[in-house]
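First the structure, in the form of structure tokens, and then the observations on it.
Protein chains: 2
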Amino acid sequence: MKDRRAIYQYIEDHEAEHIARVQEYLRQPSISADGTGMSECARLLQEYYRALGCREVAEVDVGGYPFVWAVYSCGSPKTIINYSMYDVQPVEGEVWSSPPFEAHLQERPPFGRVIVARGAHNSKGGYRMWLNALESIIAVEGKLPVNIFFTAEGEEELGSPHLPAFIDRYLSRLQEADGVLSCIPCQQHDGGIRLTLGVKGIYEFRLECSGERWGRGPEKHDVHSSMKAIADSPVWRLIHALSTLTTPDGNRVLVEGFYENAASPTSEDLELIRDLSSQFDPSLWQRTHRIRSWADDLSGQDLLVRFMFSPTLNIQGIWGGHTGAGSKTVLPHKGSCQIDIRLVPGMTVEEVHDKLRRHLDRHGYEDIAIFPLGGYPPARTSLRTKLVQSVVRMYRDRGITPQIWPLSGGSWPMYLYCEDPLRLPYCAGGLGHGGGAHSPDEYLVMQGNGTVAGLVEAEKSYVDILYNFVEA
Amino acid sequence: MKDRRAIYQYIEDHEAEHIARVQEYLRQPSISADGTGMSECARLLQEYYRALGCREVAEVDVGGYPFVWAVYSCGSPKTIINYSMYDVQPVEGEVWSSPPFEAHLQERPPFGRVIVARGAHNSKGGYRMWLNALESIIAVEGKLPVNIFFTAEGEEELGSPHLPAFIDRYLSRLQEADGVLSCIPCQQHDGGIRLTLGVKGIYEFRLECSGERWGRGPEKHDVHSSMKAIADSPVWRLIHALSTLTTPDGNRVLVEGFYENAASPTSEDLELIRDLSSQFDPSLWQRTHRIRSWADDLSGQDLLVRFMFSPTLNIQGIWGGHTGAGSKTVLPHKGSCQIDIRLVPGMTVEEVHDKLRRHLDRHGYEDIAIFPLGGYPPARTSLRTKLVQSVVRMYRDRGITPQIWPLSGGSWPMYLYCEDPLRLPYCAGGLGHGGGAHSPDEYLVMQGNGTVAGLVEAEKSYVDILYNFVEA
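This is the structure in structure tokens:
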């Protein structure tokens with residue numbers, strides 16, 4: 001086993017410079033929602049890859065904001081793909097205690113010093129720590145122990161619409177890899193680790209009921225509400241159509257066959273969930289989300305099984321007619337509803353789209369349009385792969401027992417790496433803690449407090465993951 | 473019968489000055505939505521009443537924008553109340569062919585010259601023509617043939633929230649009156665007249681379903697939509713609650729007892745509707761409102777009976793969660809819906825509120841809040857009163873057969889004058905034509921084209937209504 005102490009020492013000796021590099025990356029705005037700073041940030045990232053000694057560094061246009069592709073080659077028999085995103089959420093309308101793109105250091109009990117900035121936690125702050133770790137290895141050892149394909153996108157916050165095209169373009173190169181690794185700060189407030197082996201798929205779409213498509217009610221504009229006495233209402237129609245989609249409590253989907261292909265948890269999944277339910281306290285979620293009681297008053301393992309293995313049909317938003325202050329006596333000509341369906345393993349986007357369309361048609365709602373906004377299938381990786389075990393070992397060597405989640409409730413296009421044709425193992429792991437993603441005063445811990453790691457211990461953990469994998 | 477020719481001649485001789493007075497009044501903005509010019513306009517109106525020779529002229533504060541109260545006394549045995557509004561709709565976001573408060577004259581085929589201005593049609597333009605007519609009578613005859621209580625409000629576009637308090641304050645004075653008269657341009661594009669004998673009442677309110685009041689789902693803010701697997705959704709709850717309120721077509725209200733007090737049309741109403749259905753072409757409405765077919769494919773008399781005598785439950789607007797562009801994977805903590813219920817004679821606001829509350833409670837929706845926004849009962853006046861007959865006679869003397877509508881589909885707090893305690897007849901009538909209320913390029917015809925009257929013929933019609941009433 002490689003003696004890593006010189007690298008650790010190097011990281012300790014360069015703490016101040018490493019913090020400064022994190023600040024530098026965060027001070028470059030990169031808001032994909034409105035384009036602010038996107039090309040500047042893509043250029044900065046290319047500089048970082050060149051500084052590592054990457055031979056190939058390219059800005060790749062497959063539509064949308066550019067991808068950054070870089071290749072680090074050192075003749076190692078092992079190769080990883082490193083995925084990252086360089087875009088961040090917008091800050092419009094938010095109130096911050098310090099400007100979101102100045103990346104100030106603040107004392108934040110109980111964590112000690114933190115950087116406050118948009119992207120600190122999600123996810124440029126942690127990414128720059130990973131690059132610091134790689135630079136430290138190279139400074140001490142002369143080179144990295146693995147080859148790396150760096151793949152960075154600028155549209156994660158937009159739902160990664162061009163990631164499939166990018167993967168497709170580099171497919172033959174990516175097939176050389178042994179796994180996909182993202183070293184990021186994964187610690188919760190209490191230092192605990194959640195390691196997730198899969199994600200749900202998602203299908204997002206807008207349902208629209210309009211008088212024009214229906215051929216009844218006002219077709220072109222809202223009309224005076226006195227007309228309701230003799231005119232049909234597209235908004236009422238939308239409400240009645242929606243009401244056919246779920247049970248009255250909104251929790252069970254009534255679209256025919258919706259659940260038929262949803263995979264049940266395996267016995268291995270159930271075992272992991274049993275372990276997890278003794279570690280995970282759902283009252284944490286209740287406090288964070290301000291939810292008093294769960295659907296159907298679920299608790300314990302049942303709650304976790306439902307969270308991970310139940311597909312959902314969620315209304316993100318609904319709107320139609322007058323939505324401002326005061327009253328406006330109109331009969332609206334149109335009603336809209338935005339929905340996300342989360343897919344569990346076994347389900348596909350095409351399948352749920354077709355079943356929904358059939359449901360609406362059978363109920364006489366042929367005119368209600370489904371406008372797809374995007375989607376992709378679920379994906380899973382196995383706990384037993386060397387890559388995942390390398391990450392688990394890093395935690396166990398530090399006395400940390402990670403919570404292992406067979407599936408996450410959320411979605412990410414992990415299928416591109418883990419399903420056909422690449423079929424690679426995938427793991428995200430590492431020490432460090434941040435918070436406030438998509439919120440004001442987003443932060444990343446620099447100092448640490450013995451419970452959560454600061455920058456130095458986080459970077460050491462990334463070094464260990466890399467060497468564990470090489471040595472596995 | 474009074475020989476009115478000298479007054480007619482006076483009006484003809486002063487056409488240019490009269491047009492200038494209309495422009496003057498329209499050039500004074502009076503936007504109750506944001507307060508622009510409201511006090512200046514109230515002062516201008518008081519000057520107008522003083523110029524008529526009113527002894528009492530007062531700005532009356534009963535909350536909100538001031539009312540203007542003025543009394544013209546001439547010792548006549550007959551007294552009328554004249555209602556008017558001096559506020560207009562906002563113009564924000566609208567594109568006009570000439571500035572909305574410059575009141576330019578434009579050629580507008582087929583009407584000849586028109587004034588284009590906010591308030592031209594609704595309703596300051598016509599009101600200044602009425603004052604011109606009164607000034608003309610005084611110039612020729614030395615005085616008016618009736619006493620007048622002028623009551624002008626600045627909050628009609630806000631739903632007349634303080635009109636009840638104003639009427640209440642002047643109740644003992646108003647009880648001296650014989651009727652309520654509004655002389656305004658009432659001609660449609662084709663010169664036809666609609667005379668309305670009543671209005672529906674209205675109850676406007678917001679329904680809100682929130683996680684906080686419900687005690688389930690997210691209580692304080694929208695949460696990540698992955699939580700839908702285990703968290704209840706207030707928006708789904710709102711949709712299912714709304715779906716219990718009507719039949720699936722959205723046209724028949726299922727709130728228990730909703731229709732039980734709704735008066736059926738009398739045989740006199742049905743006779744008027746029979747006459748009306750031979751005159752009124754609903755395809756006009758279909759073109760204006762862009763509606764292809766009516767609810768339940770109604771037509772003819774059935775359509776008119778439903779329009780006038782059916783109470784309605786209309787959704788003005790619905791909103792909740794993410795309503796902007798793109799996607800946002802949230803589970804919203806709240807959903808809202810704004811509704812207007814139109815009441816026909818026999819129904820009260822309190823009754824429909826209570827029935828709706830009971831309906832929601834019985835269906836288990838005790839937590840869904842009803843926030844009242846305002847409302848008032850319906851009202852009717854009789855065709856057989858001298859006041860209404862004076863207006864009808866003016867039309868008939870000109871060969872015009874007015875369309876008589878027993879009830880309007882719309883609402884206005886006419887009950888304050890026509891129901892207890894005043895119980896006065898009410899009529900709005902007169903020649904002239906305007907259009908574009910609440911829209912860009914609102915206009916009032918000045919020249920006329922033989923089909924619709926211009927300013928001179930409109931003012932003469934107001935003179936006739938007044939003398940017809942005195943002589944009745």
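Which chain is which? The protein sequence lines are A and B, in order.
With the numbering used here as the guide, the letters of the first sequence map in order to residues 1 to 472.
With the numbering used here as the guide, the letters of the second sequence map in order to residues 473 to 944.
Ideal Cβ placement from N, Cα and C applies to all residues, glycine included.
This structure is a prediction, so every number in the text was calculated from the model and none was measured.
When secondary structure is reduced to three states using DSSP, B:Gly904 falls in the coil class, being assigned neither helix nor strand. Between A:Pro110 and A:Asn449, the CB-CB gap stays under 7 angstroms. With a 10 Å radius around the Cβ and a threshold of 16 neighbouring Cβ atoms, A:Lys228 comes out buried. Out of A:Leu242, A:Gly154, A:Arg216, A:Pro77, the CA that lies nearest to the CA of A:Ile230 is found in A:Arg216. Membership of B:Tyr599 in any beta strand (DSSP E) is not indicated; the residue belongs instead to the alpha helix (DSSP H) covering 596 to 613. Residues of the stretch 229 to 255 of chain A with a C-beta less than 8 angstroms from any C-beta of chain B: Ala229, Ile230, Ala231, Asp232, Ser233, Val235, Trp236, Arg237, Ile239, His240, Leu242, Ser243, Thr246, Pro248, Asp249, Gly250, Asn251, listed in chain order. Within the same chain, and ignoring the five residues on either side of A:Lys143 in sequence, the residues whose Cβ sits closer than 6 angstroms to its Cβ are Cys74. For B:Val532, no CB of chain A lies under 7 angstroms from its own CB, so it is not counted at the interface with that chain.
Residue state for A:Glu153 is assigned as strand, using DSSP reduced to three classes. Taking 9 angstroms as the upper bound on Cβ-Cβ separation, chain B lies near residues Leu313, Asn314, Ile315, Gln316, Gly317, Ile318, Trp319, Gly320, Gly321, His322, Thr323, Gly324 of the stretch 313 to 324 of chain A. With respect to chain A, the C-beta atom of B:His761 has a partner C-beta closer than 7 angstroms. Only residues of its own chain outside the window of five on either side were considered, and among them His593, His661, Glu914, Tyr915 have a CB closer than 8 angstroms to the CB of B:Gly907, listed in chain order.
Taking CB atoms only, A:Phe258 has no neighbour in chain B less than 7 angstroms away. Interface with chain A (7 angstroms Cβ-Cβ cutoff): B:Ser698 is included. Non-local C-beta neighbours of B:Ala575 in its own chain, meaning closer than 6 angstroms and more than five positions away in sequence, comprise Gln495, Leu498, Arg499, Ile587, Ala589, ordered along the chain.
Taking A:Thr244 as reference, the option from A:His363, A:Cys427, A:Ser226, A:Leu387 with the minimal CA-CA separation is A:His363.
From the listed residues B:Arg600, B:Lys932, B:Ser880, the smallest Cα separation to B:Leu748 is found for B:Ser880.
Think of a sphere of 9 angstroms around the beta carbon of A:Glu219: the chain B residues whose beta carbon falls inside it are His761, Arg762, Ile763, Arg764, in chain order. In the DSSP assignment, B:Asn940 falls within the alpha helix (DSSP H) that extends over 927 to 943. Contact of A:Thr329 with chain B by beta-carbon distance below 7 angstroms involves Gln788, Asp812. Not a single C-beta of chain A is nearer than 7 angstroms to the C-beta of B:Ala900. Only residues of its own chain outside the window of five on either side were considered, and among them Gly211, Glu212, His333 have a CB closer than 7 angstroms to the CB of A:Glu219, listed in chain order. The Cβ atoms of B:Leu803 and A:Asn314 lie closer than 7 angstroms to each other.
In the DSSP annotation of this structure, the continuous segment of the alpha helix (DSSP H) that includes B:Val863 starts and ends at 858 to 869.
Under the three-state reduction of DSSP output, B:Lys700 falls in the helix class. When only Cα atoms are considered, B:Tyr482 and B:Pro538 end up about 34 angstroms apart. In the DSSP assignment, no residue is bridged to B:Phe730.
Rounded to the nearest whole angstrom, the CA to CA distance from A:Glu56 to A:Phe149 is 10 angstroms. Under the three-state reduction of DSSP, B:Glu484 is assigned to helix.
The alpha-carbon of B:Gly792 is positioned some 47 angstroms away from that of B:Gly651.
For the stretch 764 to 784 of chain B, the set of residues with a beta-carbon nearer than 7 angstroms to any beta-carbon of chain A comprises Arg764, Ser765, Trp766, Ala767, Leu770, Leu775, Arg778, Phe779, Ser782, Thr784, in chain order. DSSP places B:His490 in the helix class (H, G or I) of the three-state scheme. Counting every other CB atom within 10 Å of its CB across the protein chains shown gives B:Met473 a total below 16, marking it as exposed.
With fewer than 16 other Cβ atoms inside 10 Å of its own Cβ, A:Glu366 counts as exposed. Of all residues in the stretch 352 to 374 of chain A, those with a C-beta nearer than 8 angstroms to a C-beta of chain B are Leu373, Gly374, reading in chain order. Inclusion of A:Ser461 and A:Met394 in the CB contact set at 7 angstroms is warranted, their separation being smaller than that value.
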